[in-house]
Amino acid sequence: MKSTKVLDAKGLACPMPIVRTKKAMEELNSGDILEVHTTDQGSKSDLTAWAKAGGHELLKDTEEDNILKFWVKKG
Amino acid sequence: MSNTKVAIIAANGTLFDAYKVFNIATAAAASNAEVGIFFTFEGLNLIHQDKYKNLPLPEGKEDFKTGFEQANVPSIKELVAIAQEMGVKMIACQMTMDVMKLEKKAFVEGIEVGGAATFIEYAKDANISLSF
């Protein structure tokens, strides 16, 4: 999937993945896709909730070698 | 979430309390909620310029120190800065400051000083009210 921007939030604990995602999202336009990489297991539910709260769309998420990846389309 | 309003009372002063307060506050602010925190009694330590950089662990929980280091959690100082950057309203309790003989300049910049009525006015239409 083609992403507009990639945010590396690996190694960060709650609430930083969400805080960084919010900041990165601010720089994008509606329809752009932000790709977020994390290692915090809690970010799976957090990013889902965050996207819902902000009117964004979580297009896809994967987990491989303990690295979680999310593709969020800005609403 | 943009219409969500969160009102938090921070009344305790250990490192655990600080993380509870600021993690919820910054996560809510990052989700576009309006967030206000009323700091009272030991909770004032969480925004006290000298104390907030080195808050104590609760008694008997000193062994959590390495856990905090290994989990790579942000420092309280960082979280306070993030909260301020995202517009979290911070109100220090005037009455407690008087009792503890503390002045506004003892606290981090950007806070407000107010009484219980200030918090009640802020919190009266909050969707989420929390006390730590």
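Quick note, the sequences are listed as chains A and B, same order.
Numbering-wise, the first sequence is residues 15 to 89 according to our numbering.
Numbering-wise, the second sequence is residues -1 to 130 according to our numbering.
Ideal Cβ placement from N, Cα and C applies to all residues, glycine included.
Put simply, the backbone Cα of Glu40 of chain A is about 12 Å away from that of Lys19 of chain A. Lys24 of chain A and Leu53 of chain B have their C-alpha atoms spaced approximately 26 Å apart. Two segments are said to touch when three or more pairs of C-beta atoms, one from each, lie closer than 8 Å; by this definition the segment 74 to 84 of chain A does not touch the segment 16 to 30 of chain B. Per DSSP, Ile45 of chain B is not a residue of any beta strand (DSSP E), being assigned neither H nor E.
Cβ contact annotation for Ile47 of chain A (same chain, cutoff 6 Å, sequence separation greater than five): Ser17, Thr18, Trp85 and Lys87, in chain order. Contacts between Val33 of chain A and chain B, judged by CB atoms closer than 7 Å, involve Thr24, Ala28 and Ile80 in chain order. For Asp60 of chain A, the enclosing alpha helix (DSSP H) begins and ends at Ser57 to Gly68.
Residue-level contact by beta carbon fails for Met39 of chain A and chain B, as no gap is shorter than 7 Å. In the structure shown, the three-state DSSP call for Lys87 of chain B is strand. With its beta carbon at least 7 Å from every one in chain B, Lys16 of chain A lies outside the interface. Within the same chain, no residue comes within 6 Å of Ile118 of chain B by CB-CB distance, once the 5 residues on both sides are set aside.
Apart from the 5 residues on each side of it in sequence, Asp15 of chain B sits with its Cβ closer than 6 Å to the Cβ of Phe130 in its chain, given in chain order. Using a Cβ-Cβ cut-off of 7 Å, Pro72 of chain B counts as an interface residue toward chain A, since at least one Cβ of chain A sits closer than that to its own. Ile45 of chain B is positioned such that its CB atom lies no closer than 7 Å to that of Ile89 of chain B.
When the beta-carbon positions are compared, Val50 of chain A and Thr35 of chain A come within less than 7 Å of each other.
The Cβ atoms of Asn10 of chain B and Glu40 of chain B sit closer than 7 Å to each other. The three-state reading of DSSP puts Thr76 of chain A in strand, counting E and B together.
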